[in-house]
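Protein sequence lines, in the order shown, are assigned to chains A and B. Take 1 as the starting number for the first sequence in UniProt numbering and just add one per residue. Take 1 as the starting number for the second sequence in UniProt numbering and just add one per residue. Backbone N, C-alpha and C define an ideal beta-carbon position, used for all residues, glycine too. Since the model is a prediction, treat every value here as computed from it, not as a measurement. Note sheet for the following structure.
Number of protein chains: 2
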Amino acid sequence: MTLPHPNTDQISLPIVLGVLGDPTRLAIVRYLASKQGVPLNCSQFLDLGSKTNLSYHLAKLREAGVTRAEVVGTNRMITLRRADLDARFPGLLDSVIAAAGDDPALPAVGGHDIEIHA
Amino acid sequence: MTLPHPNTDQISLPIVLGVLGDPTRLAIVRYLASKQGVPLNCSQFLDLGSKTNLSYHLAKLREAGVTRAEVVGTNRMITLRRADLDARFPGLLDSVIAAAGDDPALPAVGGHDIEIHA
DNA sequence: CCAATTGTTCAATAACTTTTGAACTAAGGA
DNA sequence: TCCTTAGTTCAAAAGTTATTGAACAATTGG
């Protein structure tokens, strides 16, 4: 049960930019970045939208090559594809995250501690 | 006859990313960047679409704060708002332009020399 | 086995974006 | 003044994206 991800060389600049041009998805990426590589499951983003809606946005991020989702039990553990994005578009992710870092107009995740059932 | 532009501090990250997430607009930005600050008029982008369609895309770029348009006679001279974007989102524009620089999937402008009627 | 948890899929709808042609404005040159 | 050039605006059509709720699948714990 592995989910489809583009290879690094298949990641497209306009698609990545388009995907990041949505406040909810930008907030997801910012929160993932703030967690420094620690994988998160979907439920930890529920502040940003309904379960169905997050499933949609997380699929967009994964299909664009921005995130990786690994199936662990009933959870999908999500990480940023930092190294892959840096290799393909040097500096892009860092500048986006830095720019998003201090934007009060973006939605934010509360940051509850959640036990993962795996 | 000046056109509306956002102030530097009004430029929004998700809006800029969304606007750049379109191959035509990314090609416009890339071509402007390749011209190193030399202003271009709309007609010089006609390789990328119809006159009406370019008017639409150039308005999007201007309203997002990515470009500046100055009215000179019947022309709109268009430049990248490099300094403003660098001030607001350091490194972002450079990494986008670098990433777009070698993308054969993006449309391109021929680069005809055109006399400007002003 | 049963119930709870995690997340997906589907269909519907609403909202937005892109593209087009026709009509228009405004300035410049003959 | 009349014609051309440069670009906008408008309304329509087409296409895409976001959001929702109901139903579903898969796994885990009791």
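- Listed in chain order, the non-local C-beta contacts of L3(B) below 6 Å within the same chain comprise A69, local neighbours out to five positions each way being set aside.
- By the criterion of at least three beta-carbon pairs nearer than 8 Å, the region 88-100 of chain A is in contact with the region 90-98 of chain B.
- Beta bridge pairing from DSSP links L40(A) with I78(A).
- Taking the C-beta atoms as reference points, I78(A) is found nearer than 8 Å to N41(A).
- One alpha carbon belongs to G49(A), the other to L58(B), and they sit about 33 Å apart.
- At a C-beta separation below 9 Å, P104(B) has no neighbours in chain A, since its nearest C-beta there lies roughly 11 Å away.
- Contact check for V29(B) and L17(B): beta-carbon distance about 12 Å, past the 8 Å limit, so the pair fails to qualify.
- T2(A) sits in coil when the DSSP states are folded into three classes, being neither helix nor strand.
- Boundaries for A27(B): no beta strand (DSSP E) harbours it, while the alpha helix (DSSP H) harbouring it runs P23 to S34, taken from the DSSP string.
- Interface annotation, S50(B): not in contact with chain A, CB-CB separation never under 8 Å.
- According to the DSSP assignment, V96(B) belongs to no beta strand (DSSP E) but to the alpha helix (DSSP H) extending over L92 to G101.
- Burial state of K51(B) is exposed, judged by a 10 Å Cβ sphere holding fewer than 16 other Cβ atoms.
- In this structure, the alpha-carbon of V109(A) lies about 10 Å from that of L32(A).
- Interface flag for G21(B) against chain A is set, since a Cβ pair is found closer than 8 Å.
- Judged by beta-carbon spacing, D22(A) lies beyond the 8 Å limit of P6(B), meaning their Cβ atoms are not closer than that value.
- Within the DSSP secondary-structure output, R68(B) pairs in a beta bridge with T79(B).
- By a beta-carbon distance limit of 8 Å, A87(B) contacts T8(B). Their separation comes to about 6 Å.
- Residues L48, G49, H57 and P107 of the same chain have their beta carbon placed closer than 7 Å to that of T24(B), with the five preceding and five following residues left out of the count.
- Taking 8 Å as the cut-off, the beta carbon of T67(B) is found no closer than this to the beta carbon of L46(B).
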